[in-house]
Amino acid sequence: MPRPSALDLATSVPEMVAGNGDAAPSDVESGDAAGAGVNVEAEARDSGVFEVIDDLDRDLVGLDPVKTRISEIASLLVVDMARRRFGLEAERPNLHMCFTGSPGTGKTTVAMRMAAVLHRLGYLARGHLVAVTRDELVGQYIGHTAPKTREILKRAMGGVLFIDEAYYLHRQENERDYGQEAIEILLQVMENQRSDIVVILAGYRDRMDQFFSSNPGMGSRIAHHIDFPDYDLDSLVAIARIMLDRQRYTFSAGAEPAFRELMSRRMTQPRFANARSVRNALERARLRQANRLVSDGRLLTRDDLMRIDAEDIYKSRWFSEAPDEAMLDERILPAG
Amino acid sequence: MHVTQGTFSYLPPLTDAQVKAQVQYALDNGWALSVEFTDDPHPRNFLWDMWGLPMFDLRDPAAILLEVQRCRDTYPARYIRVNAYDRTLGRQTTALSFIVQRPKNEPGFRLDRQEGADRQVRYTLHAYAADRPPGERYDD
Chain A
91 MPRPSALDLA
101 TSVPEMVAGN
111 GDAAPSDVES
121 GDAAGAGVNV
131 EAEARDSGVF
141 EVIDDLDRDL
151 VGLDPVKTRI
161 SEIASLLVVD
171 MARRRFGLEA
181 ERPNLHMCFT
191 GSPGTGKTTV
201 AMRMAAVLHR
211 LGYLARGHLV
221 AVTRDELVGQ
231 YIGHTAPKTR
241 EILKRAMGGV
251 LFIDEAYYLH
261 RQENERDYGQ
271 EAIEILLQVM
281 ENQRSDIVVI
291 LAGYRDRMDQ
301 FFSSNPGMGS
311 RIAHHIDFPD
321 YDLDSLVAIA
331 RIMLDRQRYT
341 FSAGAEPAFR
351 ELMSRRMTQP
361 RFANARSVRN
371 ALERARLRQA
381 NRLVSDGRLL
391 TRDDLMRIDA
401 EDIYKSRWFS
411 EAPDEAMLDE
421 RILPAG
Chain B
144 MHVTQGTFSY
154 LPPLTDAQVK
164 AQVQYALDNG
174 WALSVEFTDD
184 PHPRNFLWDM
194 WGLPMFDLRD
204 PAAILLEVQR
214 CRDTYPARYI
224 RVNAYDRTLG
234 RQTTALSFIV
244 QRPKNEPGFR
254 LDRQEGADRQ
264 VRYTLHAYAA
274 DRPPGERYDD
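These protein sequence lines are chains A and B, in that order.
With our numbering, the residue at position 233 of the first sequence is 323, and numbering never jumps.
With our numbering, the residue at position 87 of the second sequence is 230, and numbering never jumps.
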């Protein structure tokens, strides 16, 4: 699908202005068009932005405040597009964002969707996502940081630069830390090349607040602060169902309540990472299922291969009596 | 005198929008772009100074224009060109090369004649700009 650039829009103005079939775009600013209407909804539908938002709605469980904010931002951009047709030139809105929330609440996923939304609306030329952390922005010796940061920024041009755990860029205890240099270059590009790049910072709420209070320039250049709430138990189970479905597995009748119980135990434990913990729990359930099937030694049906039984879940270490041992185990396996 | 060189030598200087479109074309073809500058206008001077390394893995022309702009800011009175390198096996050469900035005053060239043995005459081009040391050639 061709991307609706600002240029395309300008040339398609005449069709949009009722009763003014062959008006040149310049006529639109005159009184002729003042009374004519623009169908904002049709316009949004044409840009395909609703598809992305619907996908977001369907694929992501919960996260209602996030979804509301994103559709608000999308509406603003659609209205902006409509305004431009009437010559109501407004400054390009500031689109830099900050996503705060616990690990595994879908910040990266939403950032990817955001890039798609902005691309559909013609605010980004490419709509790809470059995800980086401090390591990729900050150099190791004097003069190393600037080229490194600029390199990443260039790669992200036309798309979204997603900086995970952005608060690490600023090290309070060391004022000569090179992170400050990276922040300055970021700020410069965020200000001067607003039409080419959208920067999304992500991290824990409290640490990001701290980061912004020590870098007021950064805070003021970010228009949208979106907070990602933790998932509740129902959402976690729903997420598990979606994940299994995508991998062509199903829960047996007993497995779902078992999984629910597993998650309710896991939620109270340290280093709980929301959806990521769900994924890891499912990964391990798949391991146990495979083990069970292999040791069974009988002929397997399609259903056997797809079904995860309650026993695959009850064997989890989170049900074991010795939590210390579970903690030890956790250090060997990926966190979750 | 308007010095021309490279792919669009027969065209008037490109605007930034045109440069951007050309860069987009190069990116679409998977060519790596680089920025180079010089203050030696001699037509046989093809080894210009590199402005940073060639840029790989980029998706958007804005990134290359960012480097062009930085180079312009640093060297407002030199020739700057953008090269696109096609790495495909069998080609492996510069696919596109065009000037994106030139000094305001280009004094041009004079023709030097050298008398050789047997009344032989050798001709050579001498850039007036080259009378001054590198770095000061287009300062005024």
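Positions of the beta carbon are idealized from the N, C-alpha and C atoms, including for glycine.
For residue i, which residues in chain B fall below 7 Å Cβ to Cβ?
i, result
"Arg216(A)", "Arg202, Asp203"
Residue i versus chain A: which residues are under 7 Å apart at the beta carbon?
i, result
"Leu176(B)", "Chain A residues near Leu176(B): none, gap ~11 Å exceeds 7 Å."
Answer with yes or no whether the minimum CB distance from residue i to chain B is below 8 Å.
i, result
"Arg245(A)", "yes"
"Gly229(A)", "no"
"Gln278(A)", "no"
"Asp286(A)", "yes"
When the cut-off is 8 Å and only beta carbons count, does residue i lie next to chain A?
i, result
"Met198(B)", "yes"
"Ala206(B)", "yes"
"Leu190(B)", "no"
Mapping the DSSP letters down to three states, classify residue i as helix, strand or coil.
i, result
"Gln359(A)", "coil"
"Thr340(A)", "strand"
"Ala313(A)", "coil"
"Gly307(A)", "helix"
"Thr147(B)", "coil"
"Val264(B)", "strand"
"Tyr294(A)", "coil"
"Ser385(A)", "helix"
"Ile232(A)", "coil"
"Ile398(A)", "strand"
"Ser240(B)", "strand"
"Tyr404(A)", "helix"
"Leu254(B)", "strand"
"Asp324(A)", "helix"
"Asn364(A)", "helix"
"Asp274(B)", "helix"
"Asp229(B)", "strand"
"Glu119(A)", "Confidence in Glu119(A) is poor, its pLDDT being 43 and thus under 50, which makes the residue's placement unreliable; the coordinate value appears in the next sentence. Correct three-state label for Glu119(A): helix."
Which chain B residues sit within Cβ distance under 8 Å of residue i?
i, result
"Asp249(A)", "According to the sequence displayed, residue 249(A) carries Gly and not Asp. Those are Arg202, Asp203, listed as they occur along chain B."
"Gln283(A)", "Ala205, Leu209"
Q | Secondary structure, beta strand (DSSP E): runs of 3+ residues fully inside the stretch 152-224 of chain B | A | 175-181, 192-198
Q. Residue ranges of each alpha helix (DSSP H) run of no fewer than 4 residues wholly in the stretch 171-229 of chain A, ordered along the chain?
A. 197-210, 224-227
Q) Does the stretch 247-254 of chain A come within contact of the stretch 284-303 of chain A, defined as at least 3 CB pairs closer than 8 Å? A) yes
Q) Which runs of the beta strand (DSSP E) spanning at least 3 residues fall entirely within the stretch 239-279 of chain A, listed in chain order? A) 250-253
Q: For the stretch 186-194 of chain B and the stretch 273-281 of chain B, state whether three or more C-beta atom pairs, one from each stretch, are separated by less than 8 Å.
A: no
Q. Does the pairing of the stretch 191-210 of chain A with the stretch 355-372 of chain A give three or more beta-carbon distances under 8 Å?
A. yes
**Q.** Cβ contact (3+ pairs, closer than 8 Å) linking the stretch 210-221 of chain A and the stretch 129-144 of chain A
**A.** yes
**Q.** Complete runs of the alpha helix (DSSP H) confined to the stretch 124-158 of chain A [at least 4 residues]
**A.** 130-137, 139-149
Q. For the 8 Å Cβ check, are there 3 or more pairs between the stretch 145-152 of chain A and the stretch 179-188 of chain A?
A. no
Q) How do the stretch 147-163 of chain A and the stretch 317-325 of chain A stand: do at least 3 beta-carbon pairs fall below 8 Å, yes or no? A) yes
Q: Would you check if there are 3 or more beta carbon pairs closer than 8 Å linking the stretch 205-223 of chain B to the stretch 235-243 of chain B?
A: yes
(Q) Can you confirm whether the stretch 268-282 of chain A touches the stretch 224-239 of chain A when touching is taken to mean that 3 or more C-beta pairs between the two stretches lie within less than 8 Å? (A) yes
Q: Tell me, please, whether the stretch 329-337 of chain A touches the stretch 158-167 of chain A by the rule of three or more beta-carbon pairs shorter than 8 Å.
A: no
Q.
Can you confirm whether the stretch 398-409 of chain A touches the stretch 343-358 of chain A when touching is taken to mean that 3 or more C-beta pairs between the two stretches lie within less than 8 Å?
A. yes
Q: Pair every Cβ in the stretch 212-230 of chain B with every Cβ in the stretch 167-187 of chain B, then say whether three or more of these pairs are closer than 8 Å.
A: yes
Q: For the stretch 249-263 of chain B and the stretch 197-209 of chain B, state whether three or more C-beta atom pairs, one from each stretch, are separated by less than 8 Å.
A: no
Q: Specify whether the stretch 300-307 of chain A and the stretch 252-263 of chain A touch according to this definition: at least 3 beta carbon pairs, one from each stretch, less than 8 Å apart.
A: yes
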